[in-house]
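Below: one structure, written as structure tokens.
Protein chains: 2
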Amino acid sequence: MLDALGDATRRSIFESLKSGPRSVGELAEGLPVSRPAVSQHLRVLKEAGLVSDSRDGTRRLYRIEPDGLLRVRDYFDGFWSEALERFREAARKETG
Amino acid sequence: MLDALGDATRRSIFESLKSGPRSVGELAEGLPVSRPAVSQHLRVLKEAGLVSDSRDGTRRLYRIEPDGLLRVRDYFDGFWSEALERFREAARKETG
DNA sequence: AGCATACGTAAGTTACTACTTACGGTAAGT
DNA sequence: ACTTACCGTAAGTAGTAACTTACGTATGCT
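Chains as they are written, first to last, in this note's numbering: chain A, 1 to 96; chain B, 101 to 196.
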């Protein structure tokens, strides 16, 4: 899941979808890579559960999958909770 | 920053640090890679601002950098806020 | 001073992955 | 039915990055 967001181009695509559903062509327009490349990135994002797609005539709309995004957020929230706790422990030991 | 967490081995290291500071050798013990490999990963994490280090005799302790972790969490929090808003908009249009 | 421990760095190799072009397939328009 | 638009997939390539071994360095102990 984080592997999918480890690529800069894929993050750009993902961020573009933040403002709403987009077609593959639209996504490819704002990027310095070819349309097939965008398709491949979208597949990775889809397999990671971060986006979903639906037909719209000849086009194909991609949108952010809320469940996937929530899972990522929860992952880091858990990290944050635990790390913050350790951080406070350390601070408490220092100050006495 | 997310590039740094895009690697599975690096995520393992980062997760190991969740429970507190660890030396390079300790981190390498629980991983299927060599100790120098761990050092290289730690450098990437450090340059990303996700960990910090300090001397401890001949050893070197690495710990999670709260600021970096907070930045990652905020990034996804912003994503979540905006995506959730779009999601509600879409739901409102559907249901009427 | 000499040795051991713990670690970072350099150099080189291998594997992966992001990319391109070419092709095939589906839906809408005329 | 033919054409056009839009997209996914296949195949091949180039660049990168993760890894190993070998080596150099700093700290602590005797």
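Quick reminder that beta carbons are idealized off the backbone N, C-alpha and C, glycines included.
Classification of Glu85/A by the beta-carbon crowding that lies within 10 angstroms, buried from 16 upward: Glu85/A should be labelled exposed.
Three-state secondary structure (DSSP) of Val38/A: Looking at Val38/A - three-state DSSP - the assignment turns out to be helix.
Alpha carbon of Arg122/B to alpha carbon of Gly6/A, nearest angstrom: Going from the Cα of Arg122/B to the Cα of Gly6/A covers about 25 Å.
Beta-bridge pairing of Arg163/B - partner residues as DSSP gives them: DSSP links Arg163/B through a beta bridge to Ser152/B.
Between the CA atoms of Ser119/B and Asp153/B - distance to the nearest angstrom: Approximately 15 Å, taken between the alpha carbons.
Closest Cα partner of Gly57/A within the set Val24/A, Val51/A, Val33/A: Closest by alpha carbon: Val24/A.
Residues near Tyr175/B by beta carbon distance below 6 Å, same chain, minus five either side: Within its own chain, no residue has a Cβ closer than 6 Å to the Cβ of Tyr175/B once the five positions on either side in sequence are excluded.
Glu65/A Cβ short of 6 Å to the ligand HEM heavy atom set: In the structure on display, the ligand HEM does not appear, and there are no ligands present to speak of.
Where Lys118/B meets chain A, residues with beta-carbon distance less than 9 Å: Neighbours of Lys118/B on chain A, chain order: Gly78, Phe79, Glu82, Ala83, Arg86.
Exposure of Gly168/B, with buried meaning 16 or more beta-carbon neighbours within 10 Å: Label assigned to Gly168/B: buried.
Identity of the residues DSSP links to Ser16/A by a beta bridge: Ser16/A pairs with nothing; no bridge assigned.
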